[in-house]
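When you read off a place in the sequence shown, starting at 1, and then add 384, the result is the number in the numbering used here.
Just so you know, even glycine gets a beta-carbon here, dropped at the ideal spot from N, CA and C.
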Amino acid sequence: MTDVSNLPRLRLVIGDEELLVARAVAETIAAARAEESDTEVRQRPGGELVAGELAEMLSPSLFGGRRVIVVQDGQDAKKDVSAALVAYAKEPEDDVVLVVTHAGGAKGKALADGMKAAGADVVQAMKITKHRERVDFVRNEIRRQGGKIGEDAAEALLAAVGNDLREIVAACSQLVADTGGRIDAKVVAQYYKGRAEVSGFTVADAVMVGDTAAALEALRWALHVGVDPVPIADAIADGVRTVARVAAAGKGGAYQLAGSLGMPPWKVERAQRQARGWTAEALVDAMRAAAECNAAVKGGSDDRGYALERAVFAVIAARGGGTGR
């Protein structure tokens, strides 16, 4: 590539984590413009592209100069467009950086395979689903922003913030900015103490998807920083009730069901994801466990923390086991 030392001519961003996909594309564009400030950028959804438009986008420019062409959701591209992209990848232009994003999976696999075979730089952007991966993500994100964080502090941050990647990134950025980058568990505890509603629902979210390790980590951290057990018990009960209501409503889009259920669409969508793996009988058992937990926590049990831990295990057992870490 003309005067290029760091940028590949082909980049395949593969995965379905929107934040990571968007970050990979933005970083590619920023790197290109750092080398040539007048770099032209064109972005088009793969499903809307036609072969003629693609040919025009990729053809040599009469005016020269760097171009970054981004084809979004390449798995949705029509067969002729996919074939044209693979053919182009075999002989790419020197002044063009072609970025194709692809959700992964079987749909449009020929395009992803063709890009890889042509030597594309591959950036992984798969959803982060395991607790261990989230801990690693936090540590890498803090490092990326110029800070340093230990594993115990990363665990604490997840317990306080939850599993949404955008919220995690925002929290990391805020902590680095406010602490100068040296972050330990004590700093996180001071920063997030009192966020009872967040900690409670973090526990509940992990419980409802069967992630035993994440649920226990979040629960123990919440209790450690002084969160009252009552909102945690309420959050677990609410999680079970919400999944039961959404599952009973049958199939339908989140916006379609939101009105009839009296819930915001985001809550319906989350419950639909969490409902996978649950049966009606299992939800009845989970409701019973949540009710027993509520009675113990609100009825003055001698060990309310133990009652919560027992509820975590009971609800996950009702679902059919846990993922662990």
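Ranked by how close their Cα comes to the Cα of residue 443, the residues 465, 476, 454, 458 have 476 in first place. When Cβ pairs closer than 8 angstroms are counted between the two stretches, the region 534–541 is seen not to touch the region 478–498, the count staying below three.
Residue 527 is positioned such that its CB atom lies no closer than 7 angstroms to that of residue 542. Residue 591 and residue 432 have their C-alpha atoms some 40 angstroms from each other.
About 6 angstroms separates the CB atoms of residue 416 and residue 450; that is less than 8 angstroms, so the two are in contact.
Secondary structure of residue 453 (DSSP, three-state): strand. No Cβ-Cβ contact shorter than 7 angstroms links residue 655 with residue 649.
Where residue 609 is concerned, there is no enclosing beta strand (DSSP E), because DSSP gives it neither an H nor an E. With a contact defined as Cβ atoms closer than 8 angstroms, residue 586 and residue 546 qualify at about 4 angstroms. Apart from sequence neighbours up to five positions away, the residues of its chain that approach residue 576 with a beta-carbon distance below 6 angstroms are 544, ordered along the chain. For the pair residue 482 and residue 398, the Cα-to-Cα distance works out to about 14 angstroms. Cβ atoms of residue 394 and residue 503 come within 8 angstroms of each other, at about 7 angstroms. Secondary structure at residue 505: strand, using DSSP grouped into helix, strand and coil.
Bounds of any beta strand (DSSP E) do not take in residue 444, whose DSSP letter is neither H nor E. If you draw a straight line from the Cα of residue 538 to the Cα of residue 410, it is about 26 angstroms long. The Cβ atoms of residue 597 and residue 696 lie no closer than 7 angstroms to each other.
In this structure, the CA atom of residue 414 is about 39 angstroms from the CA atom of residue 584. Look at the region 481–541 and you find these whole runs of beta strand (DSSP E), each 3 residues long or longer: 505–508. According to the DSSP assignment, residue 649 belongs to the alpha helix (DSSP H) that extends over 649–658.
Going by DSSP, residue 559 is part of the alpha helix (DSSP H) stretching over 549–563. Closest by C-alpha distance to residue 571, out of 601, 552, 609, 553, is 609. Here residue 434 carries a coil assignment [DSSP, helix/strand/coil]. In this structure, DSSP gives residue 672 a helical state, which the three-state scheme calls helix.
Contact between residue 678 and residue 632 does not hold, since their C-beta atoms are separated by about 21 angstroms, which reaches or exceeds 8 angstroms. Annotated as distal: residue 425 and residue 405, with beta-carbon spacing of 7 angstroms or more. Distance from the CA atom of residue 434 to the CA atom of residue 462, rounded to whole angstroms, is 8 angstroms. If you ignore the 5 residues before and after residue 508, its C-beta comes within less than 7 angstroms of the C-beta of 398, 399, all in its own chain and listed in chain order. DSSP places residue 391 in the coil class of the three-state scheme, outside both helix and strand. Here the alpha carbon of residue 653 sits roughly 18 angstroms from the alpha carbon of residue 403. For the pair residue 672 and residue 681, the CB atoms are not nearer than the 7 angstroms cut-off.
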